[in-house]
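Asks:
Residue numbers (this note's numbering): 2 to 423.
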C-alpha cells in the first residue's frame, strides 16, 4: 500500500508538472495572410484599399496540444476596436475605413489546461492612394517585363541576321554594337557605291548581305523598344520614390497612433480616477445629509430646551457647511473638466439671490461674532444671468469674506446699479 500511494503521488506530480510546462510552451502563430486571392509575403508592409478584404489564418504553434483551441481576436485602430472569441482558425475583414490597424490573436482552451504564452500580432494599413499607387507600380512592372521579353526576342531574331552573340539587357553593349554596325555600313557604302545592300563579316569568315530597308527597320524597332523601356523604368523610379515617401508618412502615422493610444489610456485612467472621486464625494455627502435628517426629526419629536435646540441647530449648520463645501469641490471638478462652460441665461432679480446668500452665511458669521450688513439699492432692474452660477460666485465671495474677517468684525454686501450693469 505504501508503494502504491507513493506511485500515485508521483504520477500526480508528473501530471501537474507536465500541465504547467504544457501551458508555458503553448503559443499562437499567424500562418497565412491572403488578400485579393494572393498570399502576402511581406508582413511588415501590408497596404489595402477600403474595397479590399483581408483574411488571417492562424493556429496553435505547439504540436503536443490536442485539446480544441479557442481564439480571442482583436482588431483595433486609433478610433475603435473589435474583440471576438471563436474556435474557427481564420478570420476575414473587409470594407475597413482608412487608417492603421493592429490585428492580434491569443489562444486558450475551455478545459483550462493551457493558454498561449504570447500573442501574435500584425500591423497593416488601409490607404486608398497608396494601394492604387502599388497597383499601378505592379502593372508598370509587368508591362516592363513584357517589353523586355519582346526586346530580348527581337535581339535573338537579329542574331539570325548578323550571327552575333548579343547580350539582352546590356544597354551600353547594345549601343556599341549599333554604332559599330553603322560605321561598318558607312565604310561598306563608300567601297560599294553602286550597290543598294550592306555586308556583314561573320566570325567564320562567311558573309551575308542584308537589304538596307530591312536593316533600318530593325534598327528603328530596337530604338523604339529601348525608348519605351527607358520611359517605363523612369515611371517606375518615380513611383518607387513616391512609395518611399508614403511609407515614411505611414511610419509617422504609426507613431501618432501609438501616441494616441497612450493618450487614450491616460484619459481612461483619469476618467476612472474621476469616477472614484465622485463616488467618494457622494458617499461623504450622504452621511452629513442623513445626520441633518436625524437632527431635524429630533427637533420635531421632542420637547427640548432652548439650549438643546440651539446645540442641534448649530450641529445642523455645521453639517450643512460641510455639504456646501463638498458641493463646491464637485463644481470645481466639473468646471475643470469642461473646456467650455454652458450658461443658462434668464431674467432674474439679483436682490433675491443676495438675500438668500446672506441668510445662508449668517450662521457662520454669528459664530465669529461678525455682523452681516446688506446695502441693496431700490428699484434694481432684472438681469439676464445664470442664477445658479451667480449664486455660487456670491456665496464664495461672502463665505471668504467671513473666513478672512477677524472676530467681532463686519461684512457688508452692497448692491447698486452701475451704468447698464449691476
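C-beta: ideal position from N, C-alpha, C; glycine also.
Keeping to the same chain, check which residues put their C-beta closer than 7 Å to that of residue 292; ignore five residues upstream and five downstream.
Replies: Within the same chain, residue 292 has close Cβ partners 320.
Asks: Can we say the segment 300-308 touches the segment 257-267, given the rule of at least three CB pairs closer than 8 Å?
Replies: Result no; under three Cβ-Cβ pairs closer than 8 Å.
Asks: Kindly list the residues whose CB is nearer than 8 Å to the CB of residue 247, restricted to its own chain and excluding five residues on each side of it in sequence; keep chain order.
Replies: Hits under 8 Å: 128, 130, 131 and 134.
Asks: Select from 365, 285 and 306 the residue whose C-alpha is nearest the C-alpha of residue 327.
Replies: Checked all of 365, 285 and 306; the closest Cα to residue 327 is 285.
Asks: Could you tell me the alpha carbon to alpha carbon distance between residue 283 and residue 295, rounded to whole angstroms?
Replies: Distance between the alpha carbons of residue 283 and residue 295 is about 18 Å.
Asks: What separation, rounded to the nearest whole angstrom, lies between the Cα atoms of residue 330 and residue 323?
Replies: Cα to Cα, the separation comes out at about 11 Å.
Asks: Specify, as a first and last residue, the run of the alpha helix (DSSP H) that residue 363 falls within.
Replies: First-last of the alpha helix (DSSP H) with residue 363: 351-368.
Asks: Quick one: using the 10 Å Cβ neighbour count with 16 as the cut-off for buried, is residue 125 buried or exposed?
Replies: Buried, by the Cβ-count rule.
Asks: Three-state secondary structure (DSSP) at residue 379?
Replies: Here residue 379 sits in coil by DSSP.
Asks: Pick out whichever of 50, 365, 66 and 44 has its Cα sitting closest to the Cα of residue 410.
Replies: Of the candidates 50, 365, 66 and 44, the one whose C-alpha sits nearest the C-alpha of residue 410 is 365.
Asks: Which residue comes first and which comes last in the beta strand (DSSP E) that contains residue 91?
Replies: Element bounds for residue 91: 91-95.
Asks: Going by the DSSP bridge assignment, what does residue 126 pair with across the sheet?
Replies: Paired residues: 48 and 101.
Asks: Classify residue 421 as helix, strand or coil using the three-state DSSP reduction.
Replies: Of the three classes helix, strand and coil, the one that applies to residue 421 here is coil, per DSSP.
Asks: Kindly indicate if chain C contains any beta-carbon less than 8 Å away from that of residue 386.
Replies: Going by chain labels, chain C is absent from the structure shown, which holds only one protein chain.
Asks: Check the DSSP bridge columns for residue 238 and list the partner residues they point to.
Replies: Beta-bridge pairing links residue 238 to no other residue.
Asks: Determine the extent of the beta strand (DSSP E) in which residue 416 is found, giving its start and end residues.
Replies: Residues 411-416.
Asks: Where does residue 346 sit, in a helix, a strand or coil, going by DSSP?
Replies: Residue 346: coil per DSSP, three-state reduction.
Asks: Measure the Cβ-Cβ separation of residue 388 and residue 417 and say whether it is below 8 Å.
Replies: Not in contact: residue 388 and residue 417 (Cβ atoms no closer than 8 Å).
Asks: Considering only the alpha carbon of each residue, which of 58, 290 and 313 lies closest to residue 123?
Replies: Nearest of 58, 290 and 313 to residue 123, Cα basis: 58.
Asks: What number of angstroms, rounded off, separates the C-alpha of residue 406 from the C-alpha of residue 274?
Replies: Cα to Cα, residue 406 sits roughly 36 Å from residue 274.
Asks: Taking the alpha helix (DSSP H) that residue 391 falls in, what are its first and last residues?
Replies: Where residue 391 is concerned, the enclosing alpha helix (DSSP H) stretches over 388-404.
Asks: How is the beta strand (DSSP E) around residue 87 delimited, first residue to last?
Replies: Unbroken beta strand (DSSP E) run through residue 87: 82-87.
Asks: Between which two residues does the beta strand (DSSP E) harbouring residue 30 extend?
Replies: Residue 30 -> beta strand (DSSP E) spans 29-36.
Asks: Helix, strand or coil for residue 372, going by three-state DSSP, please let me know.
Replies: Residue 372 falls in the strand class under three-state DSSP.
Asks: For residue 148, which of 227, 71 and 347 has the nearest alpha-carbon?
Replies: It is 227.
Asks: Could you check how far apart the C-beta atoms of residue 95 and residue 54 are, in whole angstroms? I think they sit under 8 Å.
Replies: Yes, residue 95 and residue 54 are in contact; Cβ-Cβ is about 4 Å, under 8 Å.
Asks: DSSP on residue 276, reduced to helix/strand/coil?
Replies: Residue 276: helix per DSSP, three-state reduction.
Asks: State yes or no: is the C-beta of residue 116 within less than 8 Å of the C-beta of residue 72?
Replies: Cβ atoms of residue 116 and residue 72: not closer than 8 Å.
Asks: Just mark residue 78 as buried or exposed, buried being the case when its beta carbon has 16 or more other beta carbons within 10 Å.
Replies: The residue in question, residue 78, is buried, as its Cβ has 16 or more Cβ neighbours within 10 Å.
Asks: Would you mind sorting residue 121 into buried or exposed? The rule is 16 or more other CB atoms within 10 Å of its CB.
Replies: So residue 121 ends up on the buried side.
Asks: Please state whether DSSP places residue 310 in a helix, a strand or coil.
Replies: Of the three classes helix, strand and coil, the one that applies to residue 310 here is helix, per DSSP.
Asks: Would you mind reading off the limits of the beta strand (DSSP E) that contains residue 59?
Replies: Residue 59 -> beta strand (DSSP E) spans 54-61.
Asks: Can you look up residue 77 in the DSSP assignment and give me helix, strand or coil?
Replies: Three-state DSSP puts residue 77 in a strand.
Asks: Figure out for me which residue from 412, 408, 279 and 368 has the closest Cα to the Cα of residue 399.
Replies: Here the closest residue by C-alpha is 412.
Asks: Thinking just about the alpha-carbon of each residue, which of 65, 85, 239 and 108 is nearest to the one in residue 29?
Replies: Closest option to residue 29, Cα to Cα, is 108.
Asks: Take the Cβ of residue 362 as the centre, count every other Cβ of all protein chains shown within 10 Å, and call the residue buried at 16 or more, exposed below.
Replies: Label assigned to residue 362: buried.
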